[in-house]
Amino acid sequence: MLQINFIIDNKDKVLQGLKKKHFQNAEDLIEKIITLDKERKKLITQSNDIKNKINTLSKEIGDLFKSGKKEEAETLKKQSVDLKNQETEIDSSLKKTEEEINNILVLLPNIPHTSVPEGKSAEDNEVVFQYGEIPQLPENALCHWDLATQYDIIDFETGVKLTGAGFPVYKGKGAKLQRALINFFLDQATQNGYIEIEPPILVNEKSGFGTGQLPDKDGQMYYVCEDKLYLIPTAEVPITNIYREMILKEEDLPIKNCGYTPCFRREAGSYGKDVRGLNRLHQFDKVEIVQITHPEKSYQTLEEMREYVAGLLKMLELPFRTVKLCGGDMSFASALTYDMEVFSAAQKKWLEVSSVSNFETFQTNRLKCRFKDKNGKTHLTHSLNGSALALPRIVAALLENNQTEKGIKIPSVLVPYTGFEYITKH
RNA sequence: GGAGAGAUGGCAGAGUGGUCGAAUGCGGCGGUCUUGAAAACCGUUGUGCCUUAACAGGCACCGGGGGUUCGAAUCCCUCUCUCUCCGCCA
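Its first residue numbered 1316, the first sequence is counted upward by one per residue in the numbering used here.
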């Protein structure tokens, strides 16, 4: 959520930013919010003045009663009642005004960093880095969904039987590969200073709101009506919300956390597009990295996180590219996002396997995650996160790119985790 | 799921209608003393908002929301959470 004072002080910057994100109707809303905020301040001042008078009167009434001057007290009581009625009226308009302001604020996306490229969709993203050779596969190379069936490691149909489309069943070496990847990613993260967290995978509404999924992404999350809980779409939600309503010490920063969780996404509205095999699932595994930083350090941190994720892909020997998302393709809460895309050689497609973002104060303003500086002043921290990494598309690329006559070759860094070098037909 | 108890500042813990933003202790910070440290002593110690160029002033906050009252940490309603006992159970 944008800070209202920031909007007022940086109106043009905000409008430009919203335009870059292709947010409709920005000017009207910003004007409205500025007008409403003036109204709000006026009402607060009025209300406070009246409260001040009531407080003074009440004290006097107390004194009068003590000294037995009941009649004088009664007169003041009447005055106080009148004031109270005025206050009630002002407070109800104040409440209404605040609600209106909040309703708008909650709809406004974060404004992008100045370096974010203009553009509408994924085609306008800017490739900033590319690594590795695109493998040349033989004519008869198979896509991962065929390989998965042939090697009997992922069973999509049984997943449909158990739950529905988008809930695959991993079997044998396929299941082992999942575990290997999760452990590899967690070990790497903890070796790089991230403290491991195992959070709940159901969260309450406050948490959903804190990281910006609500109200923006309501409908994309699975919801347990009975207990009013959401299944997390990413570990970002519970991990970042750990720091909700906290005032940290400056020396505690940066906070570096990582965590493995299954992730649940309804993916409503995206049917039919790139949904084959592992490309788009309702449930998948992911290791997430989260950092809470000093505002001056967040962009440096973002680059470090991007490098870190790139390092993982290099270790896995996967060809990848890094793209800087354009304004139109960025998420609601992000100020700058890098996507990491792995080339899946049989599908001949770049698949997004990680998204690394700086949210600046957009999340922390909602979360009320602050720190105290040396002078004792509090400021909002910045929050960042990145996938490191999401499994399904990594598996897709590994299967497709590493298919050989001997079987699927496992990258050497993973062998200590899998205990086998090849996935073979039995 | 049933029964009971409770939620107060960083922590512990007083406070049951008026001068309580809140005693006291611990912790934290600053100082005195000391060669240095400890002890002792003195001072200080929350968050948000509004007015103000600033100095300063005001308002709100004792789990959340609502109510009674001239006046609520204190009374009433409601929600949430925690603890204890019983039941069930990985």
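For every residue, glycine included, the Cβ atom is placed at its ideal position computed from N, Cα and C. Keep in mind the model is a prediction, meaning the values are calculated, not measured.
List the endpoints of the continuous beta strand (DSSP E) containing residue i.
i, result
"V1730", "Looking at the DSSP string, V1730 is not in any beta strand (DSSP E); the run it does join, the alpha helix (DSSP H), is V1730 to T1733."
"E1656", "L1651 to S1659"
"H1786", "The structure shown does not extend to residue 1786, since the chain is modelled only from 1316 through 1741, so no value can be given for it."
"I1723", "G1722 to K1724"
"Q1445", "E1441 to Y1446"
"R1636", "F1635 to K1639"
"I1468", "Counting along the chain, I1468 falls outside any beta strand (DSSP E), and DSSP gives it neither H nor E."
"L1496", "No beta strand (DSSP E) holds L1496; the alpha helix (DSSP H) holding it covers G1487 to Q1506."
Output needed for residue i: all residues of its chain with C-beta closer than 8 Å, excluding positions within five of it in sequence on either side, in chain order.
i, result
"G1481", "G1474, E1582, V1590, R1595, L1596, H1597 and Q1598"
"R1685", "M1561, I1562, L1563, T1679, T1693, H1694, L1695 and T1696"
"L1409", "R1355, L1358, I1359 and S1362"
What span of residues does the alpha helix (DSSP H) with residue i cover, start to end?
i, result
"E1618", "S1613 to M1630"
"T1679", "F1677 to L1682"
"R1355", "A1341 to K1381"
"N1556", "E1551 to N1556"
"I1426", "Careful: I1426 lies outside any alpha helix (DSSP H) and carries neither H nor E."
"V1590", "V1590 -> no alpha helix (DSSP H), and no H or E assigned at all."
"T1412", "K1385 to L1420"
"Q1318", "Careful: Q1318 lies outside any alpha helix (DSSP H) and carries neither H nor E."
"D1327", "K1326 to K1335"
"S1522", "E1520 to G1525"
Output the distance between the C-alpha atoms of residue i and residue j, rounded to the nearest integer angstrom.
i, j, result
"K1435", "K1336", "8 Å"
"K1683", "N1556", "10 Å"
"L1651", "F1499", "27 Å"
"M1630", "E1415", "51 Å"
"K1381", "D1324", "51 Å"
"L1633", "I1345", "45 Å"
"P1530", "P1726", "41 Å"
"V1421", "G1643", "19 Å"
"I1322", "K1486", "52 Å"
"L1628", "R1708", "12 Å"
"R1494", "L1729", "10 Å"
"E1675", "K1476", "43 Å"
"T1403", "E1389", "21 Å"
Is residue i close to the ligand MG? I mean its beta-carbon at under 7 Å from any heavy atom of the ligand.
i, result
"N1400", "Ligands are entirely absent from the displayed structure, and the ligand MG is therefore not among its contents."
Going by DSSP, what residues sit across from residue i in a beta bridge?
i, result
"Y1575", "V1602"
"S1670", "D1654"
"K1687", "K1564 and T1693"
"Y1538", "Y1545"
"E1513", "According to DSSP, E1513 bridges with nothing at all."
For residue i, I'd like the list of residues in its chain whose CB is within less than 7 Å of its CB, leaving aside the five on either flank, ordered along the chain.
i, result
"Q1714", "Gln is not the amino acid found at residue 1714; the sequence shown has Leu there. For L1714, where only same-chain residues beyond five positions count, the Cβ hits under 7 Å are H1459, L1462, A1463 and I1723."
If I measure Cβ to Cβ from residue i and keep anything under 6 Å in the same chain, skipping five residues before and after, which residues do I get?
i, result
"G1489", "I1468 and I1469"
"P1450", "A1660 and N1716"
"H1741", "none"
Cβ contact check for the region 1549-1557 and the region 1525-1536: 3 or more pairs under 8 Å: yes
Check whether the region 1362-1374 and the region 1395-1402 are in contact - that is, three or more C-beta pairs closer than 8 Å. yes
Determine, using beta-carbon pairs with one atom in the region 1620-1629 and one in the region 1667-1679, whether at least three such pairs fall under 8 Å. yes
Would you check if the region 1416-1436 and the region 1327-1345 touch, i.e. whether three or more CB-CB distances between them fall below 8 Å? yes
Cβ contact check for the region 1632-1642 and the region 1652-1660: 3 or more pairs under 8 Å: yes
Three Cβ pairs or more, each shorter than 8 Å: is that satisfied between the region 1493-1509 and the region 1536-1548? no
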